[in-house]
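Chemist: According to my numbering, the residues represented by the sequence shown are 9 to 168, in order.
Shown below is the structure under consideration.
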Amino acid sequence: MYFFYILIFLYLILMLSIGLVANKFIKNEIDFLLASRRVSFIFLVFTMAATHFGGGFITGSIEYTIIYGTGGGIWYGLSCGLGLILLSFLAPKLRSLSLFTAPEYLEIRYGSKFIRVYAALTSLIALIGILSAQIIATSKLLGILNINPIIGGVVAVTIF
Numbered sequence: 009m010y011f012f013y014i015l016i017f018l019y020l021i022l023m024l025s026i027g028l029v030a031n032k033f034i035k036n037e038i039d040f041l042l043a044s045r046r047v048s049f050i051f052l053v054f055t056m057a058a059t060h061f062g063g064g065f066i067t068g069s070i071e072y073t074i075i076y077g078t079g080g081g082i083w084y085g086l087s088c089g090l091g092l093i094l095l096s097f098l099a100p101k102l103r104s105l106s107l108f109t110a111p112e113y114l115e116i117r118y119g120s121k122f123i124r125v126y127a128a129l130t131s132l133i134a135l136i137g138i139l140s141a142q143i144i145a146t147s148k149l150l151g152i153l154n155i156n157p158i159i160g161g162v163v164a165v166t167i168f
């Protein structure tokens, strides 16, 4: 059992170390938020795929399989992949605008500061929900190793 604790501790130290080393390359908000706008197309494609085809894809395809059968799960996966491919055609236009966030684009598109604020607030609400789910999942996962869920949640909040 101690092997798993040591393994988790080493993993957390590794992630923290990578973060500290990467921090030395960050000089401003463009470096932090957009990787200095120097991400290659292929790297961006794999980043987007990894982001979506992680937890979102697995839980979404399981849910659709349970509700709609095997075809539903397959359709969910295909539609997610197709959606990412279609979005890739918009990327050059969006990149040329030199924006930071989707709410900035919405403000330009619809000419409304209200839309930008509304989109930012709804995005914030969604991000709070996503972060909450990650904290709960991490505390449950650490619970498998007989770590108190409260301590697991505190560890997750500290790391995140």
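Backbone N, C-alpha and C fix where the C-beta goes; we use that ideal spot for every residue, glycine too.
Please read these numbers as outputs of a predicted model, since none were measured by experiment.
#1: Are the beta-carbon atoms belonging to L92 and H60 less than 8 Å from one another?
#2: Measuring straight from C-alpha to C-alpha, what distance separates R124 and S106?
#3: Go ahead and pull the three-state DSSP assignment for I152.
#4: If you follow the alpha helix (DSSP H) that V53 is part of, which residue opens it and which one closes it?
#5: Measuring CB to CB, does P111 end up less than 8 Å from A128?
#6: Which of the three DSSP states is assigned to N31 in this structure?
#7: Using three-state DSSP, classify T109 as helix, strand or coil.
#8: What does the alpha-carbon distance come out to for the pair L94 and F49?
#9: On a Cα-Cα basis, can you pick out the residue from I144, Y72 and T55 that is closest to I158?
#10: If you reduce the DSSP assignment to three classes, tell me which class G119 lands in.
#11: Given G161, which residues of its chain have a CB within under 7 Å of its CB, disregarding the five upstream and five downstream residues?
#12: Let's see if you can read the secondary structure: which residues bound the alpha helix (DSSP H) around F40?
#13: Who are the near neighbours of M56 in its chain, counting only those whose CB is closer than 7 Å to its CB and skipping five residues on each side?
#14: Cβ atoms of L20 and I167: under 8 Å apart, would you say?
#15: Indicate the three-state DSSP secondary structure (helix, strand or coil) for L98 in the structure shown.
#16: Classify L150 as buried or exposed, calling it buried when 16 or more other Cβ atoms lie within 10 Å of its own Cβ.
Modeler: Once the coordinates are examined:
#1: yes
#2: 16 Å
#3: In the structure shown, I152 sits in coil (DSSP, three-state: anything other than H, G, I, E or B).
#4: Segment F49 to H60, the alpha helix (DSSP H) holding V53.
#5: yes
#6: helix
#7: coil
#8: 14 Å
#9: I144
#10: It is coil, neither helix nor strand.
#11: I143 and S147
#12: E37 to L42
#13: Closer than 7 Å at Cβ, skipping near neighbours: L92.
#14: yes
#15: coil
#16: Only buried fits L150, as 16 or more other CB atoms lie within 10 angstroms of its CB.
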